[in-house]
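Asker:
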């Protein structure tokens, strides 16, 4: 099946620095990727939708200047957390749209997630 | 009121028990209903999906959707320690709306030997 590779799986950074998270679709092209954030014991919250070759669409309340999303190719999307602060510590997960047929069947493919800790 | 409500648990059961996981929702436009399993520090993986109302069975797993009550369930028979994970319900509107799933907060399941 479709696989989404996400790196790094875990990162610790100092407050004020930037962190880049990569998401790659393996063996398929993902014209659309989604970025989620998940706090402990909370649901996945959609942050933004990225479309290859165009600007990302951010959900209400998500700072686009803080969470920079780039989707420069059909297989790679990146999320950069700029000037990270401790409150940005969370679990970030990407997901790829596998196409309408699979999307109908809930078959969004998720990356393995990145645990970001800002100290 | 959140669109999708799910008790976070944890739910602790002995091995071999029948597990019942549930979600309620408020948006009557939801047509596609999914259950995802998420192991600790991993991304979710699709377990079951159902379109509209009805039951669906896959091995030890049975998904039920009752649209009239806006209530969905996942049953796990003969539960195993390897079933210990967080189970997230999700649903989407589908055509005319969006297929992007709206998630519940997940129920933590612990199956002890």
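Residue numbers (the numbering used here), protein chains in the order written: chain G, 1 to 119; chain C, 1001 to 1113.
A virtual CB, placed ideally from N, CA and C, is assigned to each residue, including glycine.
Since we're looking at a predicted model, the values are computed, not measured.
Measuring alpha carbon to alpha carbon, tell me which residue in 1005/C, 1073/C, 1098/C, 1041/C is nearest residue 1047/C.
Answerer: Comparing Cα positions, the closest option is 1073/C.
Asker: For residue 1101/C, which residues in the same chain have their Cβ closer than 7 Å to its Cβ, ignoring the five residues on either side in sequence?
Answerer: Once the five neighbours on either side are set aside, the close Cβ partners of residue 1101/C are 1034, 1090, 1091, 1092.
Asker: Taking the alpha-carbon positions, what's the residue 22/G to residue 1068/C distance?
Answerer: The straight-line gap from Cα to Cα measures roughly 42 Å.
Asker: Nearest chain G C-beta to residue 1056/C closer than 7 Å, yes or no?
Answerer: Closer than 7 Å: no.
Asker: Bridge partners for residue 1037/C per DSSP, in chain order?
Answerer: Partner(s): 1045/C, 1087/C.
Asker: Report yes if the C-beta distance between residue 80/G and residue 20/G is below 7 Å; otherwise report no.
Answerer: Yes; because the gap between Cβ atoms is below 7 Å, this pair is in contact.
Asker: Where does the unbroken beta strand (DSSP E) through residue 61/G begin, and where does it stop?
Answerer: First-last for residue 61/G: undefined, no H or E at that position.
Asker: Residues of chain C with CB closer than 9 Å to the CB of residue 115/G, please, in chain order.
Answerer: Those within 9 Å of residue 115/G in chain C are 1041.
Asker: Alpha carbon to alpha carbon, how far is residue 1008/C from residue 1023/C? Give it in angstroms, no decimals.
Answerer: Cα to Cα, residue 1023/C sits roughly 10 Å from residue 1008/C.
Asker: Using CA coordinates, which residue listed in 95/G, 73/G, 37/G is at the minimum distance from residue 116/G?
Answerer: Minimum Cα distance to residue 116/G is reached at 37/G.
Asker: Report buried or exposed for residue 108/G, applying the criterion of at least 16 other Cβ atoms within 10 angstroms of its Cβ.
Answerer: The residue is buried, with at least 16 neighbouring Cβ atoms inside 10 Å.
Asker: Sort out for me which residues DSSP pairs residue 74/G with in a bridge.
Answerer: Per DSSP, none; premise fails for residue 74/G.
Asker: At the level of alpha carbons, what is the spacing between residue 1104/C and residue 75/G?
Answerer: Rounded to the nearest angstrom, the two C-alpha atoms are 28 Å apart.
Asker: Count the other CB atoms, across all protein chains shown, that sit within 10 Å of the CB of residue 1112/C; report buried if there are 16 or more and exposed otherwise.
Answerer: Burial call: exposed.
Asker: Thinking C-beta only, is residue 31/G closer than 7 Å to residue 59/G?
Answerer: Not in contact: residue 59/G and residue 31/G (Cβ atoms no closer than 7 Å).
Asker: Using the beta-carbon count (16 or more within 10 Å), is residue 1006/C buried or exposed?
Answerer: Buried: at least 16 other Cβ atoms inside 10 Å.
Asker: For the candidate residues 118/G, 119/G, 111/G, whose alpha-carbon lies nearest to that of residue 4/G?
Answerer: Comparing Cα positions, the closest option is 111/G.
Asker: Hey, could you find the ends of the beta strand (DSSP E) residue 1112/C is sitting in?
Answerer: Element bounds for residue 1112/C: 1107 to 1112.
Asker: So, for residue 64/G: in the same chain, excluding its five sequence neighbours on each side, which residues have a beta-carbon less than 6 Å away from its beta-carbon?
Answerer: Excluding sequence neighbours, residue 64/G sits near 58.
Asker: Does the Cβ of residue 1076/C have 16 or more other Cβ atoms within 10 Å, making it buried, or fewer, making it exposed?
Answerer: With 16 or more Cβ atoms within 10 Å of its Cβ, residue 1076/C is classed as buried.
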